[in-house]
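Those sequence lines, one after another, are chains X and R.
If you count the first sequence from 1, position 192 lands on 191 in numbering that gives the first Met the number 0, and the numbers rise without skipping.
If you count the second sequence from 1, position 259 lands on 258 in numbering that gives the first Met the number 0, and the numbers rise without skipping.
Structure, as structure tokens:
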Amino acid sequence: MGQNTAFANGSARKTKVAYLLQRIGANWQLYAMLLIPLAITFIYKYIPMYGIQIAFRDYTASRGMFGSTWVGFDWFERFFTAPNFWRMIRNTVLLSFYSLLWGFPIPIILALMINQLRFKRFQRTVQTILYAPHFISIMVVCGMIRIFLSPSGGLINLISNSNTDYLSLASAFRTIYIASGIWQDAGWGIIVYMATLANIDVSQYEAAKIDGASLFQRILHIDIPELIPTIILMLIMSAGSLMNVGFEKVWLLQTNLNKATSDVISVYVYQQGIENAKYSYSTAVGLFNTVVNIILLIIVNRLASRMSDKVRFA
Amino acid sequence: MNKPAAKDSRVPTGLSDRTSDIILVIFCVIIVLLVAYPLYYVLIASISNPYDVYAGKTFLLPSEITWSGYKAVFAEQSIVTGYLNSIKYTIIGTIFSTLMVFLSAYPLSQTASKDLPGRKFFSIFFIITMYFGGGLIPTYLIVRQTGLINNMWALFIPGGVAVGNMIIVRNFFDNSIPREIVEAAEIDGASKWRTFINIIVPLSRPIMAVMVVFAMVAYWNDWFTAMIYLPGVDKAPLPLVLRGILIRSSATASQASTISGGFAELNKITELIKFASIIVAAAPMLIFYPFVQKYFERGFMAGAVKG
């Protein structure tokens, strides 16, 4: 920057342009490396973004994404007046809210406990085993859930000595979804907290111990303050996706009988779009979801930056 | 073994510490059992008589050990095809996505060039796609228009540039490979590309391992992309094939024709196949990940540096 301010007249600008061209030329191989990733991103990310306009059009294959009839907000109105609109909003928000409520604190607690294990080989073994479910496909996990919840001889019914068909109970769906989610990902979730806790200087523990602090006090006064920035960051990231219930698991666990609680927007987008080929309508529903998500993300970010200021001064 | 000695020197100083140690260990053992038991139960059930499984006789040990579930799984043509497809997709997808991550991360790093014209623009160009996208249907329509339906490249190309991973790798270049190395190579007359291949790539093995692990797990377990873009039955990866068995509980035609013991025997095999196929699908990753545990843990630390 500094060297450029010295030039002011036209010939200097020419030198500047020449200099820029020269730098571009010297780096042409770097641009060449970027070429394929840029092309892929442009074609499969940016053109679809432009294609969102089919949410405001009546898409027909013959007239294409950018030439079909403009219908404005018709599809959105149809969605807002759909018989299950409020049910879907409610289910989507509640499912992710309860997932966050139960699923968020557990990895933190696990990390605090495991970090204090003194026998390092035992600690490694515990961590290894807790990661395991994360490496299993959601399809397989849902297969296991179905087997365990089977009314005739499923593990849960054997233990409780009953024969309830849990997957046809709307009241059980959220518990199934959240508990299995915790089983699968709580262990994986500890990694980021363990990485933060690994930064704590061991001498801090030594000093606290000499002062007579118990294990619980050491966790409370050394570990938790160290974790708070990470916790806030993770909370922002999860809270921003409150309307983002993943499609896969809900779809695999949905039955006709539990729809009262398992009917969520992402599944609806899939069913309307891919199964029923209502491209415009499905895009409109998806766009509505995305917009709500972005608004949530902005609100949460604002709140969080205010909150973290307070935490810093507290 | 290679842990710093300092932490191990925290010898118990009093009864309260020893008590809390015991409580911690008990707590962790309970958690480990809760996590591991469902997998153990499926493993046992896959080699037991299914009637005993459903009668609750196999909580701890298998009964009447049988391998017929596994035999049936590997005799089932669709599962074998799915298995081979999954292996193929995992290999190609891992190579492709690791290549894309490196090709996009390196030019945008401080290591490659002090001030590449347009670097900021390109970075933002990629990062925007993390927060905003076209959504299911517009993306589907573009994939269809570019002729990728029923083409396996639909699994790799549209989602090929993993921006989150790109940022992790770029941070690795910025923080771990000093610019001076690249400058020295260029003074010796190496081109940017040569420097990348001969110097940068060998130096980035640790982060490459992380990217390979992430990609392998993602491709081995993915089925949604295949469900949308690859409707052809012979192209389905393993998890998608298992959908018929695990979610819809359907006995396949070839199963019914090959089993000779009548309806009861067919029922038995149908149930055994469920357990065995879960093990068969989960085993490769479950055997593999403990060996690369330190790599993905390190990957999170690398990502945590910049938040």
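Beta carbons are placed, not taken as given, at the ideal position from N, Cα and C, and that holds for glycine.
Bear in mind the structure is a predicted one, so any value in this text is a computation, not a measurement.
Near residue i, what residues of its chain come up, given a Cβ to Cβ distance below 7 Å and the 5 sequence neighbours on each side ignored?
i, result
"X:THR163", "PRO150 and ASN156"
"R:ILE278", "VAL41, LEU42 and SER45"
"X:PHE246", "SER265, VAL266 and TYR269"
"R:THR194", "VAL181, ALA184 and GLU185"
"R:PHE121", "LEU107"
"R:ILE91", "PHE155"
"X:GLY71", "PHE55"
Leaving out five residues on either side along the sequence, give the residues of the same chain with a beta carbon under 6 Å from the beta carbon of residue i.
i, result
"R:PRO61", "ILE43, ILE46 and SER47"
"X:GLY285", "VAL268"
"X:ALA169", "ASN257, ALA259 and THR260"
"X:GLN253", "SER261"
"X:ASN26", "none"
Can you check which of these residues, the options, is closest to residue i by C-alpha distance?
i, options, result
"X:MET32", "R:ARG118, R:ALA280, R:LEU237 and R:PHE26", "R:ARG118"
"R:TYR36", "R:TYR50, R:PHE121 and R:PHE58", "R:PHE58"
"R:ALA282", "R:ILE127, R:LYS267 and R:PRO238", "R:PRO238"
"R:ILE196", "X:GLN28, X:ARG120 and X:ILE231", "X:GLN28"
"X:LEU296", "X:ALA38, X:GLU274 and X:ALA238", "X:ALA238"
"X:VAL201", "X:THR80, X:ASP184, X:ARG117 and X:ARG22", "X:ARG117"
"X:ILE35", "R:ILE90, R:ASN266, R:ILE126 and R:SER103", "R:SER103"
"X:VAL299", "X:TYR165, X:ILE177, X:ASN255 and X:ILE235", "X:ILE235"
"X:MET143", "R:LEU265, R:ILE246 and R:PHE101", "R:ILE246"
"X:PHE322", "R:ALA225, R:VAL31 and R:GLY231", "Coverage of chain X is limited to positions 0 through 313, which leaves residue 322 of chain X absent and any answer about it impossible."
"X:ILE181", "X:VAL191, X:VAL92, X:ALA194 and X:PHE103", "X:PHE103"
"R:LEU38", "R:LEU285, R:LYS267, R:SER190 and R:LEU271", "R:LEU285"
"R:GLN144", "R:MET165, R:TYR228 and R:GLU296", "R:TYR228"
"R:PRO201", "R:PHE172, R:THR224, R:ILE127 and R:ASP233", "R:PHE172"
"R:ASN150", "R:ARG242, R:VAL162, R:ALA54 and R:PRO236", "R:PRO236"
If the cut is a Cβ gap below 9 Å, which residues of chain R does residue i touch?
i, result
"X:ASN243", "What X:ASN243 touches in chain R: nothing, since even the nearest Cβ is about 12 Å away."
"X:LEU37", "SER103, PHE121, PHE124, PHE125 and VAL160"
"X:PHE65", "The premise fails here: X:PHE65 is roughly 11 Å from chain R at the closest Cβ pair, so nothing lies under 9 Å."
Which residues in chain R sit within 8 Å of residue i, going by Cβ to Cβ distance?
i, result
"X:ILE235", "Result: empty, since nearest Cβ-Cβ is about 11 Å, beyond 8 Å."
"X:ARG12", "Result: empty, since nearest Cβ-Cβ is about 16 Å, beyond 8 Å."
Might you give, ordered along the chain, the residues of its own chain that have their beta carbon closer than 8 Å to the beta carbon of residue i, omitting 5 neighbours on each side?
i, result
"X:SER95", "SER240, LEU241, MET242, ASN243 and VAL244"
"X:LEU196", "ALA110, LEU111, ASN114, ASP222, GLU225 and LEU226"
"X:LYS277", "GLN271"
"R:ALA5", "Because R:ALA5 sits at a pLDDT of 44, beneath the cut-off of 50, its placement in the model cannot be relied upon, and the following sentence gives the value as read from the coordinates. Excluding positions up to five away in sequence, the list is empty."
"X:ALA207", "GLN216, ARG217, HIS220 and ILE221"
Which residues in chain X sit within 9 Å of residue i, going by Cβ to Cβ distance?
i, result
"R:TRP152", "Result: empty, since nearest Cβ-Cβ is about 11 Å, beyond 9 Å."
"R:ASN220", "PHE134, ILE135, SER136, ILE137, MET138 and VAL139"
"R:ALA183", "What R:ALA183 touches in chain X: nothing, since even the nearest Cβ is about 17 Å away."
Does the beta-carbon of residue i have 16 or more other beta-carbons within 10 angstroms, so that it is buried, or is it exposed?
i, result
"R:LYS273", "buried"
"X:MET64", "buried"
"X:LEU219", "exposed"
"R:ASP221", "buried"
"X:TYR377", "There is simply no residue 377 of chain X to check, as chain X begins at 0 and stops at 313 in what is shown."
"X:ILE189", "buried"
"R:ALA153", "buried"
"X:ASP262", "buried"
"R:ALA111", "buried"
"X:SER315", "Residue 315 of chain X cannot be examined here, being either before or after the span of chain X that is shown, 0 to 313."
"X:GLN183", "buried"
"X:ASN160", "exposed"
"X:TRP69", "exposed"
"R:VAL160", "buried"
"R:LEU115", "buried"
"X:PRO132", "buried"
"R:MET129", "exposed"
"X:LEU166", "buried"
"X:PRO47", "buried"
"X:THR282", "buried"
"X:PHE147", "buried"
"R:VAL232", "exposed"
"X:LEU154", "buried"
"X:ASN198", "exposed"
Which chain X residues are close to residue i, counting only those with a beta carbon under 7 Å from its beta carbon?
i, result
"R:ASP20", "ARG117"
"R:TRP192", "GLN28"
Mind pulling the chain A residues with CB within less than 9 Å of residue i?
i, result
"R:ASN149", "Of the chains in the structure shown, none is chain A; the protein chains are X and R."
Which residues of chain X have a Cβ atom closer than 8 Å to the Cβ of residue i, listed in chain order?
i, result
"R:GLY134", "PRO47, ILE51, VAL268, THR282, GLY285, LEU286 and THR289"
"R:LEU60", "By Cβ distance, chain X contributes nothing, its closest Cβ being about 15 Å from R:LEU60, past 8 Å."
Starting from the beta carbon of residue i, find every residue of chain R whose beta carbon is closer than 7 Å, and list them in chain order.
i, result
"X:MET87", "Going along chain R, no residue has its Cβ under 7 Å from X:MET87, so there is no contact; the nearest lies around 16 Å."
"X:LEU251", "ILE246"
Problem - the segment 37 to 51 of chain X contacting the segment 199 to 206 of chain R, beta-carbon criterion three pairs below 8 Å - result: Segments in contact, no.
Handout entry: Meets three-Cβ-pair contact criterion under 8 Å: the segment 47 to 54 of chain X and the segment 130 to 143 of chain R
Key = A contact exists between the segment 47 to 54 of chain X and the segment 130 to 143 of chain R.
Practice task
Report yes or no: do the segment 209 to 216 of chain X and the segment 287 to 295 of chain X share at least 3 C-beta pairs separated by less than 8 Å?
Solution key: Using a C-beta cut-off of 8 Å, the segment 209 to 216 of chain X makes no contact with the segment 287 to 295 of chain X, since fewer than three inter-stretch Cβ pairs fall below that distance.
Exercise for the section: Evaluate the contact criterion for the segment 118 to 129 of chain X versus the segment 213 to 230 of chain R: three or more CB pairs, one atom per stretch, below 8 Å. Expected result: The answer is no - the segment 213 to 230 of chain R does not touch the segment 118 to 129 of chain X, with fewer than three Cβ pairs under 8 Å.
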